[in-house]
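Chains as they are written, first to last, in full-length UniProt numbering: chain X, 1 to 201; chain A, 1 to 201. We put the beta carbon where it would ideally sit given N, CA and C, even for glycine. Presented below is the structure to which this report refers.
There are 2 protein chains.
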Amino acid sequence: MAATGGASRPATAKGAARREAIVAAAARLVATEGPDGTSHRAVAAAAGVPLAATTYYFRSLDDLLVAAVERAADDELGPVTELVAALPRRRTSADRVAGIVLDVVLGPDRLEDADLQAHYERFLAGGRHPALRPVLRQTRRRVDALLTEALDRCGHAGADTAQLVAVLDGTVISALVEGDGRARVRARAAVAALLESDSSA
Amino acid sequence: MAATGGASRPATAKGAARREAIVAAAARLVATEGPDGTSHRAVAAAAGVPLAATTYYFRSLDDLLVAAVERAADDELGPVTELVAALPRRRTSADRVAGIVLDVVLGPDRLEDADLQAHYERFLAGGRHPALRPVLRQTRRRVDALLTEALDRCGHAGADTAQLVAVLDGTVISALVEGDGRARVRARAAVAALLESDSSA
DNA sequence: CAGAAACTGGTACGGCCGTACCAATCGAGG
DNA sequence: CCTCGATTGGTACGGCCGTACCAGTTTCTG
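In structure tokens:
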């Protein structure tokens, strides 16, 4: 067994690469299909490895899921970090800032309702898979820090990021029920409205 | 077959009672376990009927799920309607109003994180089960109307109910990730804060 | 009192699931 | 080279799932 002590860390370069491929495929699945669609067999098929490889490198599906969510967060936060770092330091209109807030919290590429659906299923999954909670919490904090930095650069320092994120999340979830594909648009409007009412206060 | 034309309406009193029992059990399951935990077998066991009864009265699991979500909404909105109707018509402090908002939107009895988890899984389920969307939309609208009425009675007429609900939903979802059982408390604080900033504007 | 329709309940099929098992293969250290 | 641990991949088990089937029973109707 490669797994000394119970975990499953690869001991060879090839093994590491394979584990890598599995995690990457799982992260892709989590991001597109949600955690419920992320099964051993689905991951194995997506990664192009036999079923047994997924149980060889991860003690359980929960372990695999944790690695996948961790990876999905990294995959998404990398570009966002660059995006924030590239933000010019100048006062920006509420409407434009709203777009930036969406890019930071949701990622710039999550445009379709289906993508947003998977995004929020991931959060809710914390309830059924407690092992996911630490990484979800951590991700939340990283996003919050990024958002604070972004708002600071746009001349909105001191904004209540928790409230901003809450309005965004809540609006998306309501919009997903409508099912008209306008979730992101609605969320942007809601964030812009909140930003404007804040700056007028 | 009882189902003339394809649907499955009972033709006898006993049949109606049985269908009733199934819907009631399914609604209970949806409210406590979430839609994913609501299977034919789980419902049959909870209702104390054989498995086949669930497929006899409902063409598919989706049909059963729709009936269950509809029923769950009715079960919850009834008490809330009475609660709102009993609200005295007088200006009320933001903090107290926040508690009322939570009672209306979440229901007065959904106190534990697990209950809230199931509540939001129900909304997200609309994405995977499009048949649920109409009833979810309808429920959303009923809650919004109730909330408008409640706020009016408390001297907060004209409040942005959509924004209020969004902050509430978003806060609960973030809090569920924390997993410390304080979701409802946090949401109440967030709603109170928003109400206060609104009235000061 | 038939006969038909509604209902009952046990059973089964095919599918996907997580996980376990194990013989075969590979690759580096002796 | 040879050995041994790492890795591979095919297979299987038991479980839950949605759904279908059907012989038997009840209940309504003419």
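| Does the beta carbon of G170 (chain X) come closer than 9 Å to any beta carbon on chain A? | Within the first sequence, numbered from 1, the residue matching residue 170 (chain X) stands at position 170. Interface residue, yes.
| Going by the CB atoms, is the gap between I22 (chain X) and L61 (chain X) shorter than 9 Å? | As a position in the first sequence, residue 61 (chain X) is number 61, starting the count at 1. As a position in the first sequence, residue 22 (chain X) is number 22, starting the count at 1. No, the pair does not count as a contact, with Cβ atoms beyond the cut-off.
| In chain order, what residues of the same chain have a beta carbon less than 7 Å from the beta carbon of R110 (chain A), not counting five sequence neighbours either side? | Position 110 of the second sequence, counted from the first residue, corresponds to residue 110 (chain A). Contacts found: L116 and H119.
| task | Please compile the residues from chain X whose C-beta is within a distance smaller than 7 Å of the C-beta of L151 (chain A). | result | Locating residue 151 (chain A) in the second sequence gives position 151, counting from the first residue. Residues of chain X with a Cβ closer than 7 Å to the Cβ of L151 (chain A) do not exist; the shortest Cβ-Cβ separation is about 17 Å.
| query | Apart from the five residues just before and just after G6 (chain X), which ones in its own chain have a Cβ nearer than 8 Å to its Cβ? | reply | Along the first sequence, read from residue 1 onward, the residue named residue 6 (chain X) stands at position 6. Since pLDDT at G6 (chain X) reaches only 39, below the 50 mark, its modelled position is unreliable, and no value is offered.
| Stretch-stretch touch, CB-based, cutoff 8 Å, three pairs: the region 136–144 of chain A with the region 180–194 of chain X | Segments in contact, no.
| said: Determine, for I173 (chain A), whether the minimum Cβ-Cβ distance to residues of chain X falls below 9 Å. | reply: Within the second sequence, residue 173 (chain A) is the residue found at index 173, counting from 1. Residue-level contact by beta carbon holds for I173 (chain A) and chain X, with a gap shorter than 9 Å.
| message | With a threshold of 9 Å between beta carbons, is E178 (chain A) in contact with chain X? | response | Taking the first residue of the second sequence as 1, we reach residue 178 (chain A) at position 178. Interface residue, yes.
| task | Give the residues of chain A in contact with D36 (chain X), contact being defined as C-beta atoms less than 9 Å apart. | result | In the first sequence, counting from the first residue as 1, residue 36 (chain X) sits at position 36. Under the 9 Å cutoff, chain A gives D36 and R128.
| query | Using a Cβ-Cβ distance under 9 Å, would A13 (chain X) count as near chain A? | reply | The count along the first sequence starts at 1 and reaches residue 13 (chain X) at position 13. At a cut-off of 9 Å, the C-beta of A13 (chain X) has no neighbouring C-beta in chain A.
| query | Just reading off the alpha helix (DSSP H) that H156 (chain X) is part of, what are its end residues? | reply | In the first sequence, counting from the first residue as 1, residue 156 (chain X) sits at position 156. From DSSP, H156 (chain X) is part of no alpha helix (DSSP H); its letter is neither H nor E.
| query | Which residues bound the alpha helix (DSSP H) around L116 (chain A)? | reply | Along the second sequence, read from residue 1 onward, the residue named residue 116 (chain A) stands at position 116. Its alpha helix (DSSP H) spans residues D113 to R128.
| task | Reducing DSSP to helix, strand and coil, say where S93 (chain X) ends up. | result | As a working note, residue 93 (chain X) is residue 93 in the first sequence. Note: S93 (chain X) maps to coil in three-state DSSP.
| query | Would you report the Cα separation of S39 (chain X) and A46 (chain A), rounded to the nearest angstrom? | reply | Your numbering for residue 39 (chain X) matches position 39 in the first sequence. Your numbering for residue 46 (chain A) matches position 46 in the second sequence. Cα to Cα, the separation comes out at about 28 Å.
| query | Would a C-beta distance cut-off of 9 Å place L51 (chain A) and L124 (chain X) closer than the cut-off? | reply | Reading the second sequence from its first residue, position 51 is the one you call residue 51 (chain A). Reading the first sequence from its first residue, position 124 is the one you call residue 124 (chain X). Taking a C-beta distance under 9 Å as the contact criterion, L51 (chain A) and L124 (chain X) do not qualify as a contact pair.
| request: Drop a sphere of 10 angstroms on the beta-carbon of M1 (chain X), count the other beta-carbons inside from all chains shown, and report buried for 16 or more, exposed for fewer. | output: Stepping through the first sequence from its first residue, residue 1 (chain X) is reached at position 1. Unreliable positioning characterises M1 (chain X) in this predicted model, as indicated by a pLDDT of 44, which lies under 50. A coordinate reading is not provided.
| message | Using CA atoms only, rank isn't needed, just tell me which of X:T92, X:G48, X:V105 and X:S174 is closest to A162 (chain X). | response | To locate residue 162 (chain X), count along the first sequence from 1; it is residue 162. Ranking X:T92, X:G48, X:V105 and X:S174 by Cα distance to A162 (chain X) puts X:V105 first.
| Does any CB atom of chain X fall closer than 9 Å to the CB of residue 209 (chain A)? | Only positions 1 to 201 of chain A appear in this structure, which leaves residue 209 (chain A) out of reach.
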